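K.L.:
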Amino acid sequence: MSTEWQGPAIVLGARPHGESGAVVTLLTEALGRHAGLAKGGTSRAQSSLWMAGNLVEARWVARLADQLGALSGELVHPAAALALEDPLGLALLSAACAVAEGALPEREPHPRCFHGLVALVARLGEGAVAALPDYVRWEAELLTELGYGLDLARCALTGSIEDLAFVSPRTGRAVSAGASEPWAGRLLPLPRFLLGQSGPVSLPECLAGLRLTGHFLARDAFGHRPGGMPSTRGMLQDRVAAAIA
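Residues in the sequence shown are numbered from 225 upward in steps of one, following my numbering.
Shown next as structure tokens:
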């Protein structure tokens, strides 16, 4: 008797195993972050299939549910290859996959994170700059899914819903511009697009968003993990800062 599943998945990462195999980590809708052993996964024929960011139709089979299991798959959308021509797009894709792989618990469903990442991968076709606000929103959603959500509904000091401009790095609660003056230097700027405001989003606003979600990811999601935040996440933030400079 065996256990198995099949369905769409996003490749989060792959590491060599044995002579030509690879332990591949996927993000699925129903089973969350899930790993499997792809025989020949590092071979010339398969290595491009298991690149981080690719959308695949995966099949996993094991004798027992708690085993690593055997993984096979077919390519649905070659996001990794398409992003190779866009350094910022590749940085965004690498950061998203590393954050999901490092922050999400194994085999625990988080369908909103899965669908958000699928939408983000699809949006990359319009260019990385257009996808950056969606990436920041996805990180904010990830924090919420993990129980560390930001409270941006009203000012923590006055209760006002107007003119929200900062976030407390300690509590994750919004602060209005008027109430922030004594502590402005210690607060994190809150970009308008995270409040649901429409209109074009500038690169400096994206950078502010990355610094905001990055602060809470580093503290809450990765604070107790060896090595902390994935290096690719810092590289994305540095690349956006360099593009502004």
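Cβ coordinates follow ideal geometry from the N, Cα and C atoms, glycine included. Keep in mind the model is a prediction, meaning the values are calculated, not measured.
(1) For G313, report the span of its alpha helix (DSSP H) as first-last.
(2) Comparing C-alpha positions only, which one of L317, G297, R449 and L376 sits nearest to R416?
(3) From what residue to what residue does the beta strand (DSSP E) around P357 run?
(4) When you compare only the Cα positions, how much space is there between R336 and E365?
(5) What's the C-alpha gap between T388 and T249?
(6) Where does G349 fall in DSSP's three states?
(7) From V425, A322, E369 and W284, pick the residue whose C-alpha is nearest to that of L261; which is it?
(8) In chain order, which continuous runs of the beta strand (DSSP E) of length 3 or greater are located wholly inside the segment 245–295?
(9) So, with DSSP's three-state summary, where would you put L236?
(10) Looking at A315: is its Cβ nearer than 8 Å to the Cβ of L348?
(11) Is A465 helix, strand or coil by DSSP?
(12) Can you give the Cα-Cα distance for G293 and R257, rounded to whole angstroms?
(13) Hey, could you find the ends of the alpha helix (DSSP H) L388 is sitting in?
(14) Could you name the residues of the same chain whose beta carbon sits closer than 6 Å to that of L367, not counting the 5 residues immediately before and after it, in chain order?
(15) Identify which residue in D444, A286, R378 and L427 has its Cα closest to the Cα of A467.
(16) Alpha carbon to alpha carbon, what distance is there between F390 and A401?
P.N.:
Taking the coordinates as given:
(1) First-last of the alpha helix (DSSP H) with G313: P311 to A327.
(2) It is L376.
(3) Taken as a continuous stretch (DSSP letters only), P357 belongs to no beta strand (DSSP E), being part of the alpha helix (DSSP H) at A352 to E369.
(4) The straight-line gap separating the alpha-carbon atoms of R336 and E365 is approximately 8 Å.
(5) It should be noted that the sequence gives Leu, not Thr, for residue 388. C-alpha separation (whole angstroms): 39 Å.
(6) Here G349 sits in helix by DSSP.
(7) When each option's Cα is compared against that of L261, the closest is W284.
(8) The segment 245–295 contains these whole beta strand (DSSP E) runs: 245–252, 256–262 and 279–286.
(9) Shown here, L236 sits in a strand according to DSSP, grouped into three states.
(10) No, they are not a contact pair.
(11) Looking at A465 - three-state DSSP - the assignment turns out to be helix.
(12) G293 and R257 have their alpha carbons spaced roughly 14 Å apart.
(13) L388 -> not in any alpha helix (DSSP H); beta strand (DSSP E) instead, spanning L388 to V391.
(14) Exclusion of the five residues before and after L367 leaves G373 and F440 as the residues of its chain whose Cβ lies within less than 6 Å of its Cβ.
(15) A467 has its Cα closest to that of L427, out of D444, A286, R378 and L427.
(16) For A401 and F390, the distance between alpha carbons rounds to 7 Å.
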